[in-house]
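FYI, the numbering for the sequence shown is 35 to 228, going by our numbering.
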Amino acid sequence: MDWIIGAAQQTSTSSTPVWLAPLLGGVGALVGGGLSSTVAWRVLSDTKKARRRAEEKEATEIITAALLEVRQIYRNNNVGPGPVPGEFEYWPDYLLSKLDKSEAAAMRFHSKALRERITSSLGLLIWGAHDDQLLYTTDSTARAVAYEAYRDAMTCLGAYMRGEQLPKPTKAWTDADAHLHWQIEQERLAEAGE
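Shown next as structure tokens:
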């Protein structure tokens, strides 16, 4: 480094060419600018990752709290055939009111696979309350699919936050999800007059 400073301080009467000092200064500016840009880019990248992680953590907390509340609703009420609490006429409306923020929070996840799984599980919990075929097994008090939807969502959230691959869905969850999508498509076709 001393030789650069020395070269810049030499007078024009020396044997060093006059153009060397500005050249060395320019090279130093380019190297310094490049390093500064690299550091700034790295800080910005780390900041974006931290912000994304914080948004996903907040979304996880919102969804988890709502899932726990809905699990209690399913445990404490005769969801579907029983009377609906409050001013609601139908169970799906009541459950949607409990899970609506969760649906919006699920959109914050950058993983498409996670967004789809969470959204499907929430749909099973909401719309499954209206369809006995989705929720009930041969034992009419069992809520096997509702439990599977709850468990699938919680397991997926945990795996994602730990940086693991999403677990494979159970057969009960897959069958109920396929049935729900089929029903939605049938309703769409009926409304379209097809």
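Just so it is clear, CB atoms sit at the ideal spot from N, CA and C, and this is done for glycine as well.
Under DSSP, the alpha helix (DSSP H) around residue i begins and ends at which residues?
i: residue 124; result: Taken as a continuous stretch (DSSP letters only), residue 124 belongs to no alpha helix (DSSP H), as it is neither H nor E.
i: residue 219; result: 205 to 226
i: residue 200; result: Run containing residue 200: none; DSSP gives neither H nor E here.
i: residue 192; result: 178 to 196
Once the 5 residues before and after residue i are set aside, which same chain residues still bring their CB inside 6 Å of it?
i: residue 131; result: none
i: residue 175; result: Low local confidence applies: a pLDDT of 38 at residue 175 is under 50, so the model's placement there is unreliable, with the coordinate-based value given in what follows. Correct list: empty, nothing qualifies.
i: residue 86; result: none
i: residue 182; result: 204, 206, 207
i: residue 192; result: none
Among residues of its own chain, excluding the 5 on either side of residue i, which ones have a beta-carbon nearer than 8 Å to its beta-carbon?
i: residue 103; result: 132
i: residue 151; result: 186, 187, 190, 200, 203
i: residue 120; result: 128
i: residue 144; result: 86, 90
Sorted by chain position, which residues of the same chain lie with C-beta nearer than 7 Å to residue i's C-beta, five sequence neighbours on each side aside?
i: residue 96; result: 135, 136, 139
i: residue 89; result: 142
i: residue 82; result: none
Does the distance from the C-beta atom of residue i to that of residue j stay below 7 Å?
i: residue 117; j: residue 160; result: no
i: residue 178; j: residue 206; result: yes
i: residue 211; j: residue 154; result: yes
i: residue 98; j: residue 195; result: no
i: residue 157; j: residue 214; result: yes
Report buried or exposed for residue i, applying the criterion of at least 16 other Cβ atoms within 10 angstroms of its Cβ.
i: residue 227; result: exposed
i: residue 173; result: Any reading at residue 173 must be qualified, since the residue scores a pLDDT of 45, below 50, and its modelled position is unreliable; no value is offered.
i: residue 171; result: The predicted model places residue 171 with a pLDDT of 46, which falls under 50 and marks its position as unreliable, so this point remains unresolved.
i: residue 148; result: buried
i: residue 100; result: buried
i: residue 162; result: buried
i: residue 184; result: buried
i: residue 197; result: exposed
Please go through the stretch 87 to 151 and give each complete alpha helix (DSSP H) segment of 4 or more residues, from N-terminal end onward.
125 to 140
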